[in-house]
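One structure is given here, and the rest of the page talks about it.
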Amino acid sequence: MNQSKLLVTGTKLATFCSTQLVKPNTRLISSLTQKIKFNSKQNQYGSKRNNSSLGRTPPTTTRNSKLVQNKSFATLKTKENELVPGIWTPQSVRVGALGKKVGMTSMWDEWGVRIPVTVIQLEGVQVVSVVKTSTENLYRLQVGAGFPKPKKITRPMLGHFRKYKVPARTNLTEFPVTKDALLPSGTKITAAHFVPGQLVDVTGTSKGKGFAGVMKRWGFAGGRASHGASLSHRSGGSTGQNQDPGRVFPGKKMSGKMGNKHVTVMELKVMKIDTKLNCIYVKGCIPGNKKGLVKIRDAIKKNKKTGPLKKFPKNSIPPKFTDLASSETATEYPIPFPTYIPGTNQLPFDLPRELIARTGGKDPLLLKQ
1 MNQSKLLVTG TKLATFCSTQ LVKPNTRLIS SLTQKIKFNS KQNQYGSKRN
51 NSSLGRTPPT TTRNSKLVQN KSFATLKTKE NELVPGIWTP QSVRVGALGK
101 KVGMTSMWDE WGVRIPVTVI QLEGVQVVSV VKTSTENLYR LQVGAGFPKP
151 KKITRPMLGH FRKYKVPART NLTEFPVTKD ALLPSGTKIT AAHFVPGQLV
201 DVTGTSKGKG FAGVMKRWGF AGGRASHGAS LSHRSGGSTG QNQDPGRVFP
251 GKKMSGKMGN KHVTVMELKV MKIDTKLNCI YVKGCIPGNK KGLVKIRDAI
301 KKNKKTGPLK KFPKNSIPPK FTDLASSETA TEYPIPFPTY IPGTNQLPFD
351 LPRELIARTG GKDPLLLKQ
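Residue 91 in UniProt numbering sits at position 91 of the sequence shown, and the numbers go up by one each step.
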């Protein structure tokens, strides 16, 4: 029974009771009135009719769907003019990004050497919130990426995004940053956040291989192919000792499920950045299938000679922090800190379509003297 029928029924009942001088059933009239008010309130917020046998209301309403904007950034984001470019220091830790593995292709340097690269695309990467940790001068930035469907977002997650006034995102993760690299909620993270020629660490979920033997899983040599072997050509051999210790030590490499684990490939070189398609080209391969989610961050390993300066090219490091960079080349491509802010003079040039890292080196075909 819809609203109009309920309203007519309640009106007729009240009119009949008043004309026939019959004592009206106040409980019935009040219940009908409350039901009409409840239905009108639900329609005001755009709620769908509940046809579920479990009595659950739909997770997304018209009012909440404004936060789930398809392929768009937040309308209530922090103004970009509030972000001020800073100066990178060797102690600074910048935020990372979430990306989607597109696939692999090839590049060629100036000598014609083929370089295999992996393409990573950044889709709607934004800062959601700032989380304070127990460690002094260390914070965590929550970053979201991806454009979800409205029906896939739960109400608790909608409340979380509404709290920080950012649109809903499919995936969330956190990156540790220093205090000087903090970013407000709603800040966009684009491909220009990274520098061509720098080193990055990429984390993803490796491909699942199922149940695998020791030869495939751990690279065991296996047994003899013919002489001296009977039905044990690919076995792992002995797994322990004699009565003492009389057990198999924990961590013994055996057959089992292979793959489908978090894997981090460290110190991959950024070969190219496509600012229009928002893609990053890294040298080598990364874990995961196509369209798989990966995390990208600045390399964290410290070299014994150069320390934290190894992860950025020489023409990006300020000259006052190292002797490797000169004052002439230090401003060629400064590190975007805390991130790339459009509309500012953060870079000494207008952002082009593509930024390619320097390959350099000698001709590999020349004979060594």
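In this text, a Cβ means the ideal position worked out from N, Cα and C, and glycines have one as well.
DSSP-derived helix/strand/coil call for residue 111: In the sequence shown, residue 111 corresponds to position 111, counting from 1. Residue 111 falls in the coil class under three-state DSSP.
Cβ contact (3+ pairs, closer than 8 Å) linking the segment 271–285 and the segment 186–203: yes
Counterpart residues of residue 175 in DSSP-defined beta bridges: The sequence position of residue 175 within the sequence shown is 175, counting from 1. Residue 175 is bridged to 141.
Residue 370 - DSSP class collapsed to helix/strand/coil: Not covered by the structure: residue 370. The range shown for the chain is 1 to 369.
Cut-off 8 Å between Cβ atoms - residues of its own chain near residue 292, not counting five sequence neighbours on either side: The count along the sequence shown starts at 1 and reaches residue 292 at position 292. Cβ within range, chain order: 100, 101, 204 and 205.
For residue 253, three-class secondary structure by DSSP: Sequence index remark: in the sequence shown, residue 253 carries index 253 (1-based). It is coil, neither helix nor strand.
Backbone CA spacing between residue 315 and residue 267 [nearest angstrom]: Here residue 315 refers to the residue found at position 315 of the sequence shown. Here residue 267 refers to the residue found at position 267 of the sequence shown. Straight-line Cα distance between these residues: approximately 18 Å.
Beta-bridge partners of residue 205, as assigned by DSSP: The count along the sequence shown starts at 1 and reaches residue 205 at position 205. 262, per the DSSP bridge assignment.
Neighbourhood of residue 97 by C-beta distance below 6 Å, restricted to the same chain and skipping five residues each side: Within the sequence shown, residue 97 is the residue found at index 97, counting from 1. So the qualifying residues of the chain are 122, 125, 189 and 296.
Nearest neighbour of residue 276, chosen from 93, 351, 317 and 251 [CA to CA]: As a working mapping, residue 276 is identified with position 276 in the sequence shown. Checking every option, the nearest Cα to that of residue 276 belongs to 351.
Helix, strand or coil at residue 345 [DSSP, three-state]: Translated into positions along the sequence shown, residue 345 becomes position 345. If DSSP states are grouped into helix, strand and coil, residue 345 belongs with coil.
C-alpha gap between residue 342 and residue 131, whole angstroms: Here residue 342 is taken as the residue at index 342 of the sequence shown, counted from 1. Here residue 131 is taken as the residue at index 131 of the sequence shown, counted from 1. Between residue 342 and residue 131, the C-alpha separation is close to 25 Å.
Residue 231 versus residue 218: straight-line alpha-carbon distance, rounded: For the purposes of this step, residue 231 is identified with residue 231 of the sequence shown, where counting begins at 1. For the purposes of this step, residue 218 is identified with residue 218 of the sequence shown, where counting begins at 1. About 20 Å.
Residue 87 versus residue 332 - alpha carbon distance: Translated into the one-based positions of the sequence shown, residue 87 becomes position 87. Translated into the one-based positions of the sequence shown, residue 332 becomes position 332. Whole-angstrom Cα-Cα distance: 15 Å.
Pairwise C-alpha distance: residue 253 and residue 370: Within the shown structure, residues of the chain are numbered from 1 to 369, placing residue 370 beyond reach of any answer.
Residue 317 versus 84, 83 and 91, residue with shortest Cα-Cα distance: The count along the sequence shown starts at 1 and reaches residue 317 at position 317. Selected option, being the one with the closest Cα: 91.
DSSP beta-bridge partners of residue 104: For the purposes of this step, residue 104 is taken as residue 104 along the sequence shown, with counting starting at 1. BP columns for residue 104 point to 118.
C-alpha gap between residue 354 and residue 127, whole angstroms: The count along the sequence shown starts at 1 and reaches residue 354 at position 354. The count along the sequence shown starts at 1 and reaches residue 127 at position 127. Straight-line Cα distance between these residues: approximately 24 Å.
When 168, 212 and 160 are compared against residue 149, the one with the closest alpha-carbon: Taking the sequence shown and counting its residues from 1, the one referred to as residue 149 is at position 149. Ranking the options by Cα distance to residue 149, first place goes to 168.
First and last residue of the uninterrupted beta strand (DSSP E) at residue 297: For the purposes of this step, residue 297 is taken as the residue at position 297 of the sequence shown. Element bounds for residue 297: 293–298.
Buried versus exposed, by CB contacts within 10 Å (16 or more), residue 349: As a position in the sequence shown, residue 349 is number 349, starting the count at 1. By the 10 Å Cβ count, residue 349 comes out exposed.
Rounded straight-line distance, which links the Cα of residue 226 to that of residue 370: Residue coverage of the chain in this structure runs from 1 to 369, which leaves residue 370 outside it and unanswerable.
Backbone secondary structure at residue 216 - three-state DSSP: Position 216 of the sequence shown, counted from the first residue, corresponds to residue 216. Three-state result, residue 216: helix.
Three-way DSSP call (helix, strand, coil) for residue 210 in this model: Here residue 210 corresponds to residue number 210 of the sequence shown, with the count starting at 1. Reduced to three states, the DSSP call for residue 210 is strand.
Three-state class that DSSP yields for residue 182 in the structure shown: Against the sequence shown, residue 182 aligns to sequence position 182. Coil, per DSSP.
DSSP state of residue 221 mapped onto helix, strand, coil: Here residue 221 refers to the residue found at position 221 when the sequence shown is read from its first residue. Coil.
Cut-off 8 Å between Cβ atoms - residues of its own chain near residue 54, not counting five sequence neighbours on either side: Working through the sequence shown from its first residue, we reach residue 54 at position 54. With a pLDDT of only 41 at residue 54, under 50, the local geometry of the prediction cannot be trusted, and the value read off the model is given with reservation. Result list for residue 54: empty, nothing under 8 Å.
Extent of the continuous beta strand (DSSP E) run through residue 158: Taking the first residue of the sequence shown as 1, we reach residue 158 at position 158. No beta strand (DSSP E) holds residue 158; the alpha helix (DSSP H) holding it covers 155–163.
Neighbourhood of residue 207 by C-beta distance below 8 Å, restricted to the same chain and skipping five residues each side: The residue given as residue 207 occupies position 207 in the sequence shown. The beta carbon of residue 207 sits closer than 8 Å to the beta carbons of 259, 260, 287, 288 and 289 from its chain, once the five residues preceding and following it are set aside; these are given in chain order.
For residue 129, the first and last residue of its enclosing beta strand (DSSP E): By one-based count along the sequence shown, residue 129 stands at place 129. Looking at the DSSP string, the run of the beta strand (DSSP E) that includes residue 129 is 126–132.
Residue 144 burial status per 10 Å Cβ neighbour count (16 or more: buried): Position 144 of the sequence shown holds residue 144. Residue 144 comes out buried.
Beta-carbon separation (whole angstroms), residue 94 vs residue 106, contact threshold 8 Å: For the purposes of this step, residue 94 is identified with residue 94 of the sequence shown, where counting begins at 1. For the purposes of this step, residue 106 is identified with residue 106 of the sequence shown, where counting begins at 1. At roughly 29 Å, the Cβ-Cβ gap does not stay under 8 Å, so residue 94 and residue 106 are not in contact.
Residue 435 versus 89, 237, 83 and 238, residue with shortest Cα-Cα distance: The chain is shown only over 1 to 369; residue 435 falls outside these bounds and no answer can be derived.
Residue environment, residue 278, which counts as buried when at least 16 other CB atoms sit within 10 Å: Residue 278 sits at position 278 when you count from the first residue of the sequence shown. Buried is the call here.
Enclosing beta strand (DSSP E) for residue 281 [first to last residue]: Along the sequence shown, read from residue 1 onward, the residue named residue 281 stands at position 281. Its beta strand (DSSP E) spans residues 279–283.
Rounded Cβ spacing between residue 138 and residue 170 (contact assumed at less than 8 Å): To locate residue 138, count along the sequence shown from 1; it is residue 138. To locate residue 170, count along the sequence shown from 1; it is residue 170. About 27 Å separates the two Cβ atoms, so there is no contact after all.
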